[in-house]
Amino acid sequence: MKIPCWSELNPHQQGALLSFGYNLGSKFYGLSNFESMTRVLKNKDWANIRETFIKYRNPGSNVEQGLRRRREAEADLFLKPYV
392 MKIPCWSELN PHQQGALLSF GYNLGSKFYG LSNFESMTRV LKNKDWANIR ETFIKYRNPG
452 SNVEQGLRRR REAEADLFLK PYV
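In my numbering, the protein residues as written are 392 to 474.
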């Protein structure tokens, strides 16, 4: 399923989601284990995008810290103004 607001997103937002999709699977939108991200994107709820990115970090795993850094970087890019 395609992200419905994709064409409205700026290049930073698209890049952040491409990174997220590259790491977690390009068809994440609409899947049951990506309900939080799907909801935020569908509702354009950018106030909650940072915490939503960070949810996808495999808590308790040996890669959690690295994934947290990646998700924070993706959130930073998503929220970075495009001029």
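Here a beta-carbon is modelled for each residue, glycine too, at the ideal position from N, C-alpha and C.
Chain-order list of residues whose beta-carbon lies under 8 Å from that of residue i (same chain, five-residue window excluded)
i, result
"glutamate 426", "none"
Range of the contiguous alpha helix (DSSP H) that encloses residue i
i, result
"phenylalanine 425", "Segment: none, phenylalanine 425 is in no alpha helix (DSSP H) and carries neither H nor E."
"lysine 446", "440-446"
Burial state of residue i, where buried means 16 or more other Cβ atoms lie within 10 Å
i, result
"serine 408", "According to the sequence provided, residue 408 is leucine. The question's serine does not apply to it. Counting Cβ neighbours within 10 Å, leucine 408 comes out buried, since at least 16 surround it."
"leucine 422", "exposed"
"glutamine 456", "exposed"
Residue i (DSSP reduced to helix, strand or coil)
i, result
"glycine 416", "coil"
"valine 454", "coil"
"proline 395", "coil"
"proline 402", "helix"
Chain-order list of residues whose beta-carbon lies under 6 Å from that of residue i (same chain, five-residue window excluded)
i, result
"valine 431", "Asn439, Ile440, Thr443"
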